[in-house]
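Protein chains in written order, with our numbering: chain A, 207 to 791; chain B, 207 to 791.
From the three backbone atoms N, C-alpha and C, an ideal C-beta is built for every residue, glycine too.
These numbers come from a predicted model, not from an experiment.
Shown next, in the form of structure tokens:
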């Protein structure tokens with residue numbers, strides 16, 4: 207399946223919508239259009255020419271567990287070498303550890319293309335990035351010096367080991383135990399499941415970050431500590447030495463992302479070292495959660511982008527039926543699918559979602575940068591608020607977009623050889639892992655809304671209202687109406703929460719989607735303003751900017767009224783939800 | 207995956223909601239609760255004990271094409287024998303051909319269970335049923351005498367051969383040719399694709415119904431005729447004789463329904479016989495379309511039922527987290543998932559959809575019976591109107607229900623071994639085949655609404671308004687509001703259609719979903735009335751009837767407001783949909 211990197215749109219969002227050079231980030235002034243064009247162009251080429259052609263191969267071949275070692279699909283080893291050689295594993299890492307010090311927002315733009323081209327392949331890099339981030343935040347100087355340069359270079363990769371058979375969301379049930387050894391290291395024993403990239407042949411070592419229970423830590427999540435458990439114990443020179451006592455013992459047979467090995471890991475007294483403080487494993491893990499959840503939102507989005515391209519390409523070429531207003535291709539046996547309003551409606555729905563979602567993901571990434579740089583006191587709260595929305599709303603809607611794109615292909619979309627089914631199957635997992643979307647909704651309503659007296663959501667609401675007031679009517683009016691629905695929903699939730707938490711939580715998923723609509727409406731209002739400014743200044747391609755306005759109006763007219771439906775559901779509360787006895791199901 | 211046949215709910219819909227005995231159908235007075243209970247109970251047992259255990263087997267093994275013959279999955283042959291032995295292939299067939307003469311609505315109730323238990327297996331029977339129906343409607347007496355008893359007995363099976371590589375929806379592009387032979391038979395040549403059950407080892411012969419082009423028939427669909435092309439040419443005694451010149455040459459590798467062989471068929475001068483009139487192939491095919499599309503709606507629904515059961519079972523047993531109002535299972539390590547409002551909301555959403563959809567499918571089947579019996583002059587128009595809704599709305603929503611059920615299982619839902627992914631993959635095709643759902647929407651808006659001056663949709667609207675007026679307020683008010691939205695949408699479409707058909711058709715899918723909501727609202731109002739009557743009369747199980755009222759209120763409060771969103775989108779029209787040039791995609 208050919209993938210066309212959306213470099214022009216990424217550049218438009220970075221520079222025209224988010225005004226990267228004027229973002230106040232250290233070094234941002236040097237990130238002009240030429241610089242990002244070079245980065246995006248190179249990354250796009252790798253995505254289109256190296257990663258995308260391997261996407262179907264990986265799906266077909268999957269991974270094999272042979273003699274305790276996971277073998278990746280044909281071509282993945284060479285692709286990993288290309289990723290390393292291009293410096294793509296180190297883009298936003300600290301120069302102190304061999305990184306290039308780019309802002310996270312640039313890494314996010316690049317990441318969308320990589321994950322769109324090959325979600326399963328990008329898993330290896332994404333998990334490494336997360337593990338490196340946790341070590342950077344919580345490791346000692348020696349730990350950082352040992353692990354970070356190798357992770358950043360892509361010579362080693364990382365994993366996150368949380369889940370166990372008896373616990374997914376509820377990490378308080380973790381049973382893996384760590385016992386102290388005489389030399390200050392620990393011995394870990396237990397079984398972890400669903401460990402992505404838990405073993406593979408792309409890197410010379412794998413750095414596992416493992417949540418485990420230490421003696422005296424008490425029950426629940428308070429007793430958990432975080433450990434580094436490398437596959438090969440580093441020797442005195444930091445080279446992979448003796449094999450550690452942990453191994454992949456089984457691969458899961460999954461619906462999608464077949465090329466990403468999902469391992470059951472057995473730890474039999476494996477040697478590990480504490481990262482961060484003892485019994486502070488959960489907070490250490492949470493440090494990385496914003497970036498990880500944003501990344502999963504991006505994974506979903508990437509599949510929607512690629513599937514949407516496939517749908518548009520098919521709709522332009524497949525000849526079937528005649529336009530209702532008369533033949534559009536009178537010389538041919540039939541007209542292309544794209545003449546049919548319902549097909550066009552599908553393509554526009556996907557497009558309007560994808561372009562707004564891209565802006566939301568990049569805006570959130572920029573807020574993470576601004577928070578890290580300490581240049582924007584409101585950034586941290588907005589990030590906290592937006593992360594469950596980006597993860598939950600973007601993955602729900604991206605999956606729906608993949609399904610819609612598959613539908614454009616008719617029966618041919620159901621045939622695996624054509625690649626549409628893979629987008630659907632791969633995108634599906636993004637709704638599940640890194641906190642299932644119901645958990646994102648719970649996090650948003652139960653934790654993020656009430657935080658600091660609701661200050662962050664009120665700040666977001668103010669942004670939406672200001673954008674509505676500044677925007678032209680086709681954008682301003684729907685955004686204002688949606689913002690009013692958001693305000694009403696907040697009042698309903700506050701009242702319900704005080705009376706009966708079940709009542710509020712029954713509306714959590716609807717609230718997440720309501721927020722998602724307002725957030726994309728906010729993005730579209732900003733995009734429209736940027737497009738108008740570009741048109742007025744004669745900057746940028748005219749057709750591109752005019753298409754932005756059409757696509758934005760499509761989103762505003764067709765999607766924004768959904769906030770009223772979500773508000774109605776939130777108002778419906780938990781009565782019918784909780785009324786039946788459990789055994790009535 | 208255990209499947210629990212919903213025999214009580216099917217009986218409730220048949221007798222309490224639809225009042226089968228008083229339906230005016232010939233022989234309906236004999237169809238009392240005891241009679242249908244025996245039928246439903248036996249069918250449910252076969253579904254649960256024979257078909258459901260083979261569902262995962264079929265998914266895993268698929269079918270094999272070996273030396274030109276398709277081999278089905280382990281156990282399918284024995285299951286087919288059990289289906290025949292139980293008389294399930296002949297349930298609603300004419301006693302003149304060995305059928306049992308049951309109404310279609312009873313066959314539909316049975317069919318829901320079979321397809322819920324094993325959608326791929328039920329394909330064989332469903333296609334046979336369709337082929338037999340076409341022959342019954344259009345065959346000569348001799349043709350019927352030869353083919354129908356064997357199809358009805360399940361000794362032979364049937365197929366429908368329409369699609370070719372260059373045409374799916376647009377059958378006017380069919381290139382398969384039929385040339386007359388001296389003996390009155392025809393010789394057919396061409397390539398057909400996507401032929402379900404095109405070859406297999408369950409039956410001693412396969413009766414293909416093939417659409418082909420005859421000389422002098424003119425272009426487009428007007429030149430098409432329908433032919434019977436048996437795999438083995440019947441000898442003088444009607445036994446399978448010489449092999450005919452058509453064969454499966456390739457199996458598709460599909461996203462789901464792996465156990466149903468999707469064949470590419472090559473016809474190399476295959477012998478066939480005309481069914482119905484020459485150049486009247488399309489109308490002959492259309493005869494069967496209502497039943498076939500209702501059946502596909504049922505396929506979707508079946509998967510939603512089975513997936514919903516799997517989700518509820520997991521939610522009751524999987525321990526994870528604590529209820530927000532305090533532990534519900536204080537003696538255990540955690541509470542079952544079902545205590546969490548967002549999980550309960552998911553289960554209730556699935557349940558409310560499934561129970562309403564079941565009533566809609568059975569109501570539509572009963573209308574087909576009443577139309578055939580000639581006892582209800584309004585039935586034909588209502589069937590024409592409801593069929594695209596049952597096919598399009600039920601399959602869209604059933605797929606969404608399967609996805610939601612999979613979500614309840616978290617990461618374990620993504621693992622193929624647990625069966626949830628199969629429901630999603632199998633249900634997906636029901637949105638595509640037998641007229642993709644966009645085609646259903648087009649059929650509804652472009653053909654069914656304007657038919658006979660809009661008489662049928664106005665009759666439906668009157669039913670909805672009457673039910674709203676008669677229902678208690680929790681049901682009546684939302685239904686009345688939705689009916690008003692439907693009425694407004696009709697006005698918008700009529701005005702748009704007169705001005706610019708693209709404008710109307712851009713809203714077709716939204717109109718289909720709007721109709722679906724009103725139809726399920728109408729069903730829920732009737733269900734509530736029946737439940738109240740049962741409670742007042744002390745008839746039926748109290749908890750069952752009270753749960754109906756709760757579940758119905760859930761649907762009315764949470765789902766019916768969606769009509770306003772669909773109306774807003776219909777009002778948005780085709781402006782942004784059609785604005786961009788095709789090469790802008």
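Residue i beta carbon near the ligand NAD (any heavy atom closer than 7 angstroms)
i: residue 548 (chain A); result: By its list of ligands, the structure shown contains no ligand whatsoever, and the ligand NAD lies outside what it can speak to.
Burial state of residue i, where buried means 16 or more other Cβ atoms lie within 10 Å
i: residue 514 (chain B); result: buried
i: residue 346 (chain A); result: exposed
i: residue 327 (chain A); result: buried
i: residue 796 (chain A); result: Nothing can be reported for residue 796 (chain A), as the shown portion of chain A is limited to 207 through 791.
i: residue 767 (chain B); result: buried
i: residue 666 (chain B); result: buried
i: residue 240 (chain B); result: exposed
i: residue 275 (chain B); result: exposed
i: residue 424 (chain A); result: exposed
i: residue 470 (chain B); result: buried
i: residue 459 (chain B); result: exposed
i: residue 450 (chain B); result: buried
i: residue 580 (chain B); result: exposed
Beta-carbon separation (whole angstroms), residue i vs residue j, contact threshold 8 angstroms
i: residue 590 (chain A); j: residue 657 (chain A); result: 7 angstroms
i: residue 358 (chain A); j: residue 310 (chain A); result: About 14 angstroms separates the two Cβ atoms, so there is no contact after all.
i: residue 722 (chain B); j: residue 501 (chain B); result: Going by Cβ atoms, the distance from residue 722 (chain B) to residue 501 (chain B) rounds to 17 angstroms, so no, they are not a contact pair.
i: residue 732 (chain A); j: residue 741 (chain A); result: Not really, about 15 angstroms apart at Cβ, beyond 8 angstroms.
i: residue 481 (chain B); j: residue 341 (chain B); result: 6 angstroms
i: residue 216 (chain B); j: residue 315 (chain B); result: 5 angstroms
i: residue 292 (chain A); j: residue 248 (chain A); result: 7 angstroms
i: residue 559 (chain B); j: residue 510 (chain B); result: 7 angstroms
i: residue 336 (chain A); j: residue 494 (chain A); result: 5 angstroms
i: residue 508 (chain B); j: residue 255 (chain B); result: Not confirmed; about 17 angstroms, so no contact.
For residue i, the residue or residues it bridges with in DSSP
i: residue 474 (chain B); result: B:395
i: residue 453 (chain B); result: B:472
i: residue 367 (chain B); result: B:416
i: residue 386 (chain A); result: A:392
i: residue 362 (chain A); result: A:411
i: residue 294 (chain A); result: Residue 294 (chain A) pairs with nothing; no bridge assigned.
i: residue 460 (chain A); result: B:621
i: residue 316 (chain B); result: Answer is none; residue 316 (chain B) lacks a bridge partner.
i: residue 583 (chain B); result: Bridge partners of residue 583 (chain B): none, in fact.
i: residue 373 (chain A); result: A:370
Residues that residue i contacts on chain C, provided the C-beta gap is smaller than 8 angstroms
i: residue 619 (chain B); result: The structure shown contains no chain C; its protein chains are A and B.
*asked:* Tell me which residues of the stretch 258 to 272 of chain A have at least one Cβ-Cβ distance to chain B shorter than 8 angstroms, keeping chain order.
replied: none
Would you mind listing the beta strand (DSSP E) stretches within the stretch 486 to 511 of chain A that are 3+ residues and don't spill past its ends, in chain order? none
Beta carbons nearer than 7 angstroms to chain A: which residues of the stretch 451 to 484 of chain B have them?
Here the close residues are 458, 459, 460 and 461.
In chain order, what are the residue ranges of uninterrupted beta strand (DSSP E) at least 3 long that sit wholly in the stretch 398 to 436 of chain B? Runs of the beta strand (DSSP E) inside the stretch 398 to 436 of chain B: 411 to 419 and 430 to 436.
Any residues in the stretch 481 to 512 of chain B with a beta carbon nearer than 9 angstroms to a beta carbon of chain A? Which ones, in chain order?
none
Identify each residue in the stretch 753 to 771 of chain A for which the Cβ-Cβ distance to at least one residue of chain B is less than 7 angstroms, and report them in chain order.
753, 756, 759, 760, 763, 764, 767, 768, 770 and 771
Short of 8 angstroms Cβ to Cβ, which residues in the stretch 668 to 680 of chain A face chain B? none
Continuous beta strand (DSSP E) assignments of at least 3 residues falling wholly in the stretch 255 to 290 of chain A = 270 to 272 and 275 to 277
Residues of the stretch 365 to 376 of chain B with Cβ closer than 9 angstroms to any Cβ of chain A, in chain order: 369, 372, 373, 374, 375 and 376
Report the residues of the stretch 687 to 717 of chain A with a CB closer than 9 angstroms to any CB of chain B, ordered along the chain.
706, 707, 708, 709, 710, 711, 712, 713, 714, 715 and 716
Exercise for review: Mind checking the stretch 375 to 401 of chain B against chain A and listing, in chain order, the residues whose C-beta falls within less than 9 angstroms of any C-beta there?
Suggested key: 375, 376, 378, 379, 399 and 400
So if I threshold CB-CB distances at 8 angstroms, which residues from the stretch 622 to 646 of chain B count as touching chain A?
622, 623, 627, 630, 631, 634, 635, 637, 638, 639, 642, 643 and 644
inquiry  = Please list, in chain order, the residues of the stretch 521 to 541 of chain B that have any C-beta partner in chain A closer than 8 angstroms.
reply    = Listed by position, the residues of the stretch 521 to 541 of chain B near chain A (Cβ gap below 8 angstroms) are 521, 522, 525, 526, 527, 530, 531, 539 and 540.
Scan the stretch 590 to 619 of chain A for residues whose Cβ lies nearer than 9 angstroms to a Cβ of chain B and list them as they occur along the chain. Under the 9 angstroms Cβ criterion, the stretch 590 to 619 of chain A contributes 605, 606, 609, 612, 613, 614, 615, 616, 617, 618 and 619.
(request) Taking only beta carbons into account, state which residues of the stretch 775 to 788 of chain A come closer than 7 angstroms to chain B, listed in chain order. (result) 775, 778, 780, 782, 783, 784, 785, 786 and 788
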